[in-house]
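Undergrad: Counted from 1, the sequence shown has number 64 at position 64 by the UniProt record's numbering; the numbering is strictly sequential. Even glycine gets a Cβ: it sits at the ideal position worked out from N, Cα and C. These numbers come from a predicted model, not from an experiment.
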Amino acid sequence: MELEEFYKQVGGNFEDVKRRLFSEEFIRKFVLKFKDDETFDNLIDAFNKVDYKEAFRFIHTLKGTSVNLGFDDLYQASCNLTECLREKENLNDEELEEAGKLLQIVKDNYQKIIELIVQL
Numbered sequence: 001m002e003l004e005e006f007y008k009q010v011g012g013n014f015e016d017v018k019r020r021l022f023s024e025e026f027i028r029k030f031v032l033k034f035k036d037d038e039t040f041d042n043l044i045d046a047f048n049k050v051d052y053k054e055a056f057r058f059i060h061t062l063k064g065t066s067v068n069l070g071f072d073d074l075y076q077a078s079c080n081l082t083e084c085l086r087e088k089e090n091l092n093d094e095e096l097e098e099a100g101k102l103l104q105i106v107k108d109n110y111q112k113i114i115e116l117i118v119q120l
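Pasting the structure below:
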């Protein structure tokens, strides 16, 4: 799969990424490294341990990585979860339900990206 097609399928703007990262070789290098990054797994672990401060830290990191790599759909999903968890040590039932829904959207976007990366 070509990078341009990859970006279409993950909801990103390849031309925008090329302007920021300059070469396809450079883009490919960092996209391939993304699948080995542990931030997503750490996010899930923190969420499962009910450590929302740590979950916030990891989703904020994932948000930054996704914007830098031009994964627009994952970035937007990460923004939403980041704001839901911002300055929270505990979540009430309503917040927990919302965070769970937002986390599922992040998971879906993340898994789609990982599945497509292996096709590069």
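Between G70 and N13, is the Cβ-Cβ spacing less than 7 Å?
TA: Within the sequence shown, the letter at position 70 stands for residue 70. Within the sequence shown, the letter at position 13 stands for residue 13. In this structure, N13 lies closer than 7 Å to G70 by Cβ.
Undergrad: State buried or exposed for N48, treating a residue as buried only when at least 16 other CB atoms are found within 10 Å of its CB.
TA: Sequence index remark: in the sequence shown, residue 48 carries index 48 (1-based). It is exposed - the Cβ of N48 has fewer than 16 other Cβ atoms within 10 Å.
Undergrad: Within the chosen definition, does the segment 8-24 reach the segment 38-54 through at least 3 CB pairs nearer than 8 Å?
TA: In short, these stretches do not touch, since the Cβ pair count stays below three.
Undergrad: Indicate the three-state DSSP secondary structure (helix, strand or coil) for D72 in the structure shown.
TA: For the purposes of this step, residue 72 is identified with residue 72 of the sequence shown, where counting begins at 1. Residue state, collapsed to three classes: helix.
Undergrad: Considering only the alpha carbon of each residue, which of D72, K29, S78 lies closest to L62?
TA: Counting from 1 along the sequence shown, the entry for residue 62 is found at position 62. It is S78.
Undergrad: Between the C-alpha atoms of E15 and N92, what's the straight-line distance to the nearest angstrom?
TA: Start at 1 with the first residue of the sequence shown, and residue 15 comes out as number 15. Start at 1 with the first residue of the sequence shown, and residue 92 comes out as number 92. So the two alpha carbons sit approximately 42 Å from each other.
Undergrad: My parser needs the alpha helix (DSSP H) runs of 4 or more residues fully inside the UniProt domain "HPt" (19-120); what are they?
TA: 24-34, 39-48, 52-69, 72-85, 93-117, all fully within the UniProt domain "HPt" (19-120).
Undergrad: Measure the C-alpha to C-alpha separation of R57 and D51 and round it to an integer number of angstroms.
TA: Here residue 57 refers to the residue found at position 57 of the sequence shown. Here residue 51 refers to the residue found at position 51 of the sequence shown. If I take the Cα positions, the gap works out to 10 Å.
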